[in-house]
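Peer 1: Please read through the structure below; I'll follow up with questions.
Number of protein chains: 2
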Amino acid sequence: MTDDKHHVVIIGGGFGGLYAAQKLKRAPVRVTLIDRRNFHLFQPLLYQVATGTLSPANIAAPLRSTMKRHPNTNTLLAEASDFDLAGRRVLLTDGRIEYDSLIVAAGATHNYFGNDHWEPLAPGLKTLEDANEMRRRILLAFEAAEREPDPQKVSAWLTFIVVGGGPTGVELAGALAELARDTFRHNFRAIHPEDSEIILVEGRERVLPTYPPRLSAKARQALAKLGITVRCGVRITDIQADCVTLTSGEQTEAIPTRTVLWGAGVAASPLGKKLADAAGIETDRDGRVPVEPDLTLAGHPEIFVVGDLARCPDGQGGTLPGVAQVAMQQGHYAARTIRRRLGGKTLGPFRYHDRGSMATIGRMRAVADLGKSTFSGSFAWFLWLFVHLMYIVTFQNRLLILVQWAASYLSWNRAARLIMGKSPLPLWQTTDIAHQPPTEK
Amino acid sequence: MTDDKHHVVIIGGGFGGLYAAQKLKRAPVRVTLIDRRNFHLFQPLLYQVATGTLSPANIAAPLRSTMKRHPNTNTLLAEASDFDLAGRRVLLTDGRIEYDSLIVAAGATHNYFGNDHWEPLAPGLKTLEDANEMRRRILLAFEAAEREPDPQKVSAWLTFIVVGGGPTGVELAGALAELARDTFRHNFRAIHPEDSEIILVEGRERVLPTYPPRLSAKARQALAKLGITVRCGVRITDIQADCVTLTSGEQTEAIPTRTVLWGAGVAASPLGKKLADAAGIETDRDGRVPVEPDLTLAGHPEIFVVGDLARCPDGQGGTLPGVAQVAMQQGHYAARTIRRRLGGKTLGPFRYHDRGSMATIGRMRAVADLGKSTFSGSFAWFLWLFVHLMYIVTFQNRLLILVQWAASYLSWNRAARLIMGKSPLPLWQTTDIAHQPPTEK
Chain A
90 MTDDKHHVVI
100 IGGGFGGLYA
110 AQKLKRAPVR
120 VTLIDRRNFH
130 LFQPLLYQVA
140 TGTLSPANIA
150 APLRSTMKRH
160 PNTNTLLAEA
170 SDFDLAGRRV
180 LLTDGRIEYD
190 SLIVAAGATH
200 NYFGNDHWEP
210 LAPGLKTLED
220 ANEMRRRILL
230 AFEAAEREPD
240 PQKVSAWLTF
250 IVVGGGPTGV
260 ELAGALAELA
270 RDTFRHNFRA
280 IHPEDSEIIL
290 VEGRERVLPT
300 YPPRLSAKAR
310 QALAKLGITV
320 RCGVRITDIQ
330 ADCVTLTSGE
340 QTEAIPTRTV
350 LWGAGVAASP
360 LGKKLADAAG
370 IETDRDGRVP
380 VEPDLTLAGH
390 PEIFVVGDLA
400 RCPDGQGGTL
410 PGVAQVAMQQ
420 GHYAARTIRR
430 RLGGKTLGPF
440 RYHDRGSMAT
450 IGRMRAVADL
460 GKSTFSGSFA
470 WFLWLFVHLM
480 YIVTFQNRLL
490 ILVQWAASYL
500 SWNRAARLIM
510 GKSPLPLWQT
520 TDIAHQPPTE
530 K
Chain B
90 MTDDKHHVVI
100 IGGGFGGLYA
110 AQKLKRAPVR
120 VTLIDRRNFH
130 LFQPLLYQVA
140 TGTLSPANIA
150 APLRSTMKRH
160 PNTNTLLAEA
170 SDFDLAGRRV
180 LLTDGRIEYD
190 SLIVAAGATH
200 NYFGNDHWEP
210 LAPGLKTLED
220 ANEMRRRILL
230 AFEAAEREPD
240 PQKVSAWLTF
250 IVVGGGPTGV
260 ELAGALAELA
270 RDTFRHNFRA
280 IHPEDSEIIL
290 VEGRERVLPT
300 YPPRLSAKAR
310 QALAKLGITV
320 RCGVRITDIQ
330 ADCVTLTSGE
340 QTEAIPTRTV
350 LWGAGVAASP
360 LGKKLADAAG
370 IETDRDGRVP
380 VEPDLTLAGH
390 PEIFVVGDLA
400 RCPDGQGGTL
410 PGVAQVAMQQ
420 GHYAARTIRR
430 RLGGKTLGPF
440 RYHDRGSMAT
450 IGRMRAVADL
460 GKSTFSGSFA
470 WFLWLFVHLM
480 YIVTFQNRLL
490 ILVQWAASYL
500 SWNRAARLIM
510 GKSPLPLWQT
520 TDIAHQPPTE
530 K
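Protein chains in written order, with the working numbering: chain A, 90 to 530; chain B, 90 to 530.
This is how it looks when you write it as structure tokens:
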């Protein structure tokens with residue numbers, strides 16, 4: 090049964106959508122929160138699932154559970170497919186839903202910059218399935234190396250290319266290095282996992298290019314200490330099943346490898362294009378939807394676009410980055426605007442308050458840029474731990490993550506090292522690994 | 090490089106294989122532990138993964154990690170496919186391996202009693218993938234019900250049939266009832282999950298038929314208290330996508346349901362048949378390999394068969410059940426026999442020491458049969474908790490499970506309620522669920 094209350098539809102249960110829904114808890118509106126998945130995902134820790142420290146459920150919170158104390162909110166497991174702006178309706182793959190106000194927070198996906206055929210060879214890291222797939226490939230690479238008699242092929246299995254020197258790439262490379270050098274100690278008999286070659290490739294001139302140069306240098310030092318090879322100013326120009334081609338200026342170089350992990354660019358959800366088309370505007374190169382200063386769509390004050398999907402000026406000639414902080418603040422802002430309007434009031438334009446950014450690089454090492462001050466080393470690391478735990482959605486997950494971080498800190502172990510999937514040995518069938526007699530060292 | 094030491098090959102890293110490998114740690118042998126998976130799985134808690142209490146990694150321990158302090162042991166991620174008994178070789182799908190002694194502990198799989206076409210409609214519970222699939226179906230059933238306007242179809246989505254009244258079926262039905270009645274409270278808007286109908290079907294005359302009748306009666310009471318309908322002396326004679334047929338004597342009954350969970354019989358791994366064929370003997374009806382009193386294969390004293398794969402007399406005219414306890418003791422026995430033989434000594438026949446069995450049915454309720462004494466109620470429940478935690482392989486997992494049990498006990502919540510998989514909405518496409526306008530209650 091429907092009632093007369095103002096109906097707010099929110100598409101996406103990520104940081105933007107979830108924070109908007111939470112802010113509407115006591116508003117005189119009814120809310121429908123739509124997501125294709127039944128959980129909110131804490132994406133900043135996905136790399137810890139990919140490297141076997143955490144389990145998928147530790148960084149996910151069931152949306153219904155987070156909304157259970159919101160009697161005005163209905164959670165819908167559904168997929169939005171298009172918009173009927175004149176009729177104020179969202180089209181779903183299996184129905185449609187009318188709105189009075191709409192908040193579109195559909196997020197972003199990987200960006201292979203026109204090389205979508207690389208995706209099967211170089212998985213990205215946006216969903217829990219991605220993280221499981223990455224974990225599976227990483228673990229199977231070591232298993233394949235253990236079985237491989239040809240030293241050259243062993244070396245290709247033990248070479249890992251991480252593409253992208255942003256926070257995702259840096260954190261992923263760091264965790265991978267610790268996995269190989271510490272966690273796998275004494276685990277293998279034929280190979281030395283600590284001899285793995287981990288290469289971090291960044292197209293621009295330094296890692297963490299959006300951070301102050303001083304922190305980039307610190308991060309590079311920390312990466313080097315973990316034995317990671319950092320290649321800046323270098324682009325990937327080809328990916329094959331057993332080789333990657335790097336290009337720097339005129340020079341190209343082929344590196345034999347079986348594992349390429351994609352931590353580079355993001356593209357807005359395809360829903361952005363649908364929305365822009367419906368409104369008669371253009372998305373930007375990354376598929377993001379340009380928004381007005383109050384985060385609404387031009388000509389449609391009832392539609393807000395927030396988070397990674399929105400192209401929002403940063404007031405200094407650039408645009409706001411696609412990070413959790415921006416999405417949370419924008420979600421809050423959209424919800425507050427809707428509440429104000431219902432009271433006949435207005436709200437000034439959206440202003441982003443940058444509380445800083447940080448990235449961790451192995452144990453006890455991190456970099457933090459808090460605007461006024463920058464930190465690196467163990468203080469930044471503790472800050473990183475604290476802030477990430479604080480934003481994890483449920484208390485239980487906070488506790489579980491803390492236990493697992495403590496355990497892997499103390500024991501160097503990573504417990505969630507499962508190779509999952511119906512047929513766990515697919516790599517075996519594509520390579521000719523002869524059986525190697527057991528060896529002792 | 091191979092050396093001259095006696096080579097023990099163990100097939101399977103379950104309870105039988107793992108306990109055998111651990112007992113050989115200090116023996117003057119080299120050991121190769123072969124498993125298709127890279128982890129040891131604590132199967133008795135699989136139902137808690139299927140119902141969203143625990144994460145897969147909590148009940149799995151990476152085999153390499155458990156063997157890292159065993160310098161004489163090589164872990165091989167590989168699949169055994171056949172045996173060359175004359176050449177003393179195990180054939181792998183991608184190679185072969187020679188042995189001096191062989192311990193076959195390949196375990197068991199589901200048994201649909203000749204109705205293998207039921208498997209896609211009624212998933213079993215033997216692997217982590219099975220548990221994820223069960224969890225997915227259970228959670229999607231509630232989501233589908235929430236979206237369904239036709240009350241009859243809603244009722245089919247909210248009817249769950251659990252097949253098999255042994256410990257697996259009883260524990261699964263209990264957890265499912267708590268999920269529906271407690272965890273999902275206030276989570277939905279259109280349906281009342283607490284009205285779900287959970288039907289436990291057992292072919293024999295009572296649930297937990299291997300337990301003393303007094304405990305079966307207690308278990309039945311506990312199930313009834315959770316609102317579970319127990320149907321004994323009833324067999325499943327047909328399973329369709331939207332209906333199950335139950336047969337009792339002459340009577341048949343069709344129950345509309347979308348979710349059938351298979352907790353009934355087990356069949357030995359197909360590797361048992363290969364081994365029996367190679368040795369020229371017959372397996373029993375369940376595919377188990379008959380063994381001598383010392384767990385060896387007739388005519389092959391160098392080959393031990395342990396765990397669910399072995400058909401081992403219980404000394405009272407029956408055979409030992411396929412439970413973890415039997416497998417552990419048999420694994421230990423096989424390892425001890427090998428050590429004795431190397432010292433020129435022998436060991437008496439295998440004797441099983443039954444330390445009792447137990448099953449839990451919801452919070453604070455369990456039944457325990459310790460042979461001399463039987464318990465039910467909260468004491469049995471604490472005993473169940475303690476014993477299961479004790480046998481979990483890693484300390485970290487013990488702690489994580491404890492935290493999650495405590496959290497779900499205190500909050501009635503289950504955190505691991507993720508619907509995973511590349512396309513999370515498959516049921517939607519096979520049914521015509523119209524969009525239902527959001528309702529408030």
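We put the CB at the ideal spot given by N, CA and C, even for glycine.
By a C-beta neighbour count over all protein chains shown, 10 Å radius and 16 as the cutoff for buried, is Glu294 of chain B buried or exposed?
Peer 2: Walking along the second sequence from the start, residue 294 of chain B turns up at place 205. With fewer than 16 Cβ atoms within 10 Å of its Cβ, Glu294 of chain B is classed as exposed.
Peer 1: Where does Lys49 of chain A land, buried or exposed, given buried means 16+ other C-beta within 10 angstroms?
Peer 2: Residue 49 of chain A lies beyond the stretch modelled for chain A, which goes from 90 to 530, so this question has no answer here.
Peer 1: Does DSSP classify Val118 of chain B as helix, strand or coil?
Peer 2: Translated into the one-based positions of the second sequence, residue 118 of chain B becomes position 29. Strand, per DSSP.
Peer 1: To be precise: take each residue of the region 123-153 of chain B, compare its Cβ to all Cβ atoms of chain A, and keep it if any distance is under 9 Å. Which residues remain?
Peer 2: Arg125, Arg126, Asn127, Phe128, Gly141, Leu143, Ser144, Pro145, Ala146, Asn147, Ala149, Ala150, Pro151 and Arg153
Peer 1: Against chain B, does Arg506 of chain A count as a neighbour if the rule is that its beta carbon must be under 7 Å from one of theirs?
Peer 2: Sequence index remark: in the first sequence, residue 506 of chain A carries index 417 (1-based). It does; some Cβ of chain B falls within 7 Å.
Peer 1: Select from A:Leu229, A:Gly106, A:Glu218 and A:His96 the residue whose C-alpha is nearest the C-alpha of Ala423 of chain A.
Peer 2: As a working note, residue 423 of chain A is residue 334 in the first sequence. Of the listed residues, the one whose Cα sits closest to Ala423 of chain A is A:Gly106.
Peer 1: Helix, strand or coil for Ala109 of chain B per DSSP?
Peer 2: Taking the second sequence and counting its residues from 1, the one referred to as residue 109 of chain B is at position 20. Ala109 of chain B carries a helical assignment under DSSP once its states are collapsed to helix, strand and coil.
Peer 1: Give the residues of chain B in contact with Asn204 of chain A, contact being defined as C-beta atoms less than 8 Å apart.
Peer 2: Position 115 of the first sequence, counted from the first residue, corresponds to residue 204 of chain A. Those do not exist, as Asn204 of chain A stays about 21 Å from chain B at its closest Cβ, beyond 8 Å.
Peer 1: Is there a Cβ from chain A that is less than 7 Å from the Cβ of Leu488 of chain B?
Peer 2: In the second sequence, the residue the question calls residue 488 of chain B occupies position 399. Chain A, which has a Cβ nearer than 7 Å to the Cβ of Leu488 of chain B, makes this yes.
Peer 1: Are Gly411 of chain B and Asp397 of chain B closer than 7 Å when you measure CB to CB?
Peer 2: Here residue 411 of chain B is taken as the residue at index 322 of the second sequence, counted from 1. Here residue 397 of chain B is taken as the residue at index 308 of the second sequence, counted from 1. Yes.
Peer 1: Would the region 266-275 of chain B and the region 290-310 of chain B be scored as touching if the rule is three or more Cβ pairs under 8 Å?
Peer 2: no
Peer 1: Could you spell out where the alpha helix (DSSP H) holding Asn486 of chain B opens and where it closes?
Peer 2: One-based indexing of the second sequence puts residue 486 of chain B at position 397. Start and end: Phe484 to Ser500.
Peer 1: Under the three-state reduction of DSSP, which class applies to Glu286 of chain B: helix, strand or coil?
Peer 2: As a position in the second sequence, residue 286 of chain B is number 197, starting the count at 1. Glu286 of chain B: strand per DSSP, three-state reduction.
Peer 1: Which whole-angstrom value is the C-beta distance of Val252 of chain A and Trp351 of chain A, which I expect to be below 8 Å?
Peer 2: In the first sequence, counting from the first residue as 1, residue 252 of chain A sits at position 163. In the first sequence, counting from the first residue as 1, residue 351 of chain A sits at position 262. Indeed they touch by this definition, with Cβ atoms about 5 Å apart.
Peer 1: Mind reading off the beta-carbon distance from Val290 of chain A to Leu261 of chain A? Whole number of angstroms is fine, and I expect it under 8 Å.
Peer 2: In the first sequence, counting from the first residue as 1, residue 290 of chain A sits at position 201. In the first sequence, counting from the first residue as 1, residue 261 of chain A sits at position 172. With a Cβ gap of about 12 Å, Val290 of chain A and Leu261 of chain A do not count as contacting.
Peer 1: Is the CB of Val492 of chain B under 7 Å away from at least one CB in chain A?
Peer 2: For this step, residue 492 of chain B is matched to residue 403 along the second sequence. Chain A contact via Cβ: present.
Peer 1: Taking the beta strand (DSSP E) that Leu165 of chain B falls in, what are its first and last residues?
Peer 2: Taking the second sequence and counting its residues from 1, the one referred to as residue 165 of chain B is at position 76. Segment Thr162 to Leu166, the beta strand (DSSP E) holding Leu165 of chain B.
Peer 1: Taking one C-beta from the region 181-198 of chain B and one from the region 97-104 of chain B each time, how about it: are there three or more such pairs within less than 8 Å?
Peer 2: yes
Peer 1: Counting only Cβ pairs nearer than 9 Å, list the residues of chain B close to Arg278 of chain A.
Peer 2: Locating residue 278 of chain A in the first sequence gives position 189, where the first residue counts as 1. Neighbours of Arg278 of chain A on chain B, chain order: Pro160, Thr162, Asn163 and Thr164.
Peer 1: Go ahead and label Arg225 of chain B buried or exposed: buried means 16 or more other beta carbons lie within 10 angstroms of its beta carbon, across all protein chains shown.
Peer 2: Mapped onto the second sequence, residue 225 of chain B falls at position 136. Arg225 of chain B should be labelled buried.
Peer 1: DSSP three-state label for Val395 of chain B, please.
Peer 2: Locating residue 395 of chain B in the second sequence gives position 306, where the first residue counts as 1. In the structure shown, Val395 of chain B sits in coil (DSSP, three-state: anything other than H, G, I, E or B).
Peer 1: Would you kindly work out how many angstroms separate the C-alpha atoms of Arg377 of chain B and Tyr201 of chain B, rounded to a whole number?
Peer 2: Along the second sequence, read from residue 1 onward, the residue named residue 377 of chain B stands at position 288. Along the second sequence, read from residue 1 onward, the residue named residue 201 of chain B stands at position 112. Near 16 Å, if we compare the C-alpha coordinates of Tyr201 of chain B and Arg377 of chain B.
Peer 1: Compare the C-beta of Gln111 of chain B against all C-beta atoms of chain A and say whether one is closer than 7 Å.
Peer 2: Along the second sequence, one-based indexing puts residue 111 of chain B at 22. Interface residue (Cβ-Cβ distance to chain A less than 7 Å): Gln111 of chain B is not classified as such.
Peer 1: Kindly indicate which residue of B:Ala353, B:Leu265, B:Leu360 and B:His95 has the alpha-carbon position closest to the one of Ser315 of chain B.
Peer 2: Indexing the second sequence from 1 puts residue 315 of chain B at position 226. The sequence given here has Leu at residue 315 of chain B, not Ser. Of the candidates B:Ala353, B:Leu265, B:Leu360 and B:His95, the one whose C-alpha sits nearest the C-alpha of Leu315 of chain B is B:Leu265.
Peer 1: In the DSSP assignment, what residue or residues form a beta bridge with Pro151 of chain B?
Peer 2: Stepping through the second sequence from its first residue, residue 151 of chain B is reached at position 62. Paired residues: B:Phe128.
Peer 1: Within the same chain, show all residues whose beta-carbon is closer than 6 Å to that of Ser592 of chain A, passing over the 5 residues directly before and after it, in chain order.
Peer 2: Since the first residue shown for chain A is 90 and the last is 530, residue 592 of chain A is missing from the structure and cannot be characterised.
Peer 1: Please report whether the beta-carbon of Ala469 of chain A lies at a distance below 7 Å from any beta-carbon of chain B.
Peer 2: Residue 469 of chain A sits at position 380 when you count from the first residue of the first sequence. Answer no: the Cβ-Cβ gap between Ala469 of chain A and chain B never drops below 7 Å.
Peer 1: Assuming Ile317 of chain A is part of the beta strand (DSSP E), what are its boundary residues?
Peer 2: Indexing the first sequence from 1 puts residue 317 of chain A at position 228. Looking at the DSSP string, the run of the beta strand (DSSP E) that includes Ile317 of chain A is Ile317 to Cys321.
Peer 1: Run down chain C in chain order and give the residues with a C-beta less than 8 Å from the C-beta of Asn200 of chain A.
Peer 2: Checking the listed chains, one finds no chain C in this structure; the protein chains it contains are A and B.
Peer 1: Compute the beta-carbon to beta-carbon distance between Leu214 of chain A and Gly263 of chain A, rounded to the nearest angstrom, for a pair I have assumed lies under 8 Å.
Peer 2: Position 125 of the first sequence, counted from the start, is the residue given in the question as residue 214 of chain A. Position 174 of the first sequence, counted from the start, is the residue given in the question as residue 263 of chain A. Leu214 of chain A to Gly263 of chain A, Cβ: 14 Å. No contact.
Peer 1: Secondary structure at Ile427 of chain B, three-state DSSP: helix, strand or coil?
Peer 2: Mapped onto the second sequence, residue 427 of chain B falls at position 338. Helix, per DSSP.
Peer 1: Got a sec, what are the start and stop residues for the beta strand (DSSP E) His199 of chain B sits in?
Peer 2: Translated into positions along the second sequence, residue 199 of chain B becomes position 110. Run containing His199 of chain B: Ala197 to His199, per the beta strand (DSSP E) assignment.
Peer 1: Once you ignore the five residues that flank Tyr108 of chain B on each side, which residues in its own chain have a CB closer than 7 Å to its CB?
Peer 2: Here residue 108 of chain B refers to the residue found at position 19 when the second sequence is read from its first residue. Contacts found: Met417, Gly420 and His421.
Peer 1: Leaving out the 5 sequence neighbours to the left and right, which residues in its chain are closer than 6 Å to Asp189 of chain A when beta-carbon positions are compared?
Peer 2: Taking the first sequence and counting its residues from 1, one reaches residue 189 of chain A at position 100. Around Asp189 of chain A: His95 and His96.
Peer 1: Can you pull the DSSP bridge partners for Val179 of chain B?
Peer 2: For the purposes of this step, residue 179 of chain B is taken as the residue at position 90 of the second sequence. Paired residues: B:Phe172 and B:Ile186.
Peer 1: In whole angstroms, give me the CA-to-CA distance for Lys112 of chain A and Ser465 of chain A.
Peer 2: To locate residue 112 of chain A, count along the first sequence from 1; it is residue 23. To locate residue 465 of chain A, count along the first sequence from 1; it is residue 376. Those two C-alpha atoms are separated by around 34 Å.
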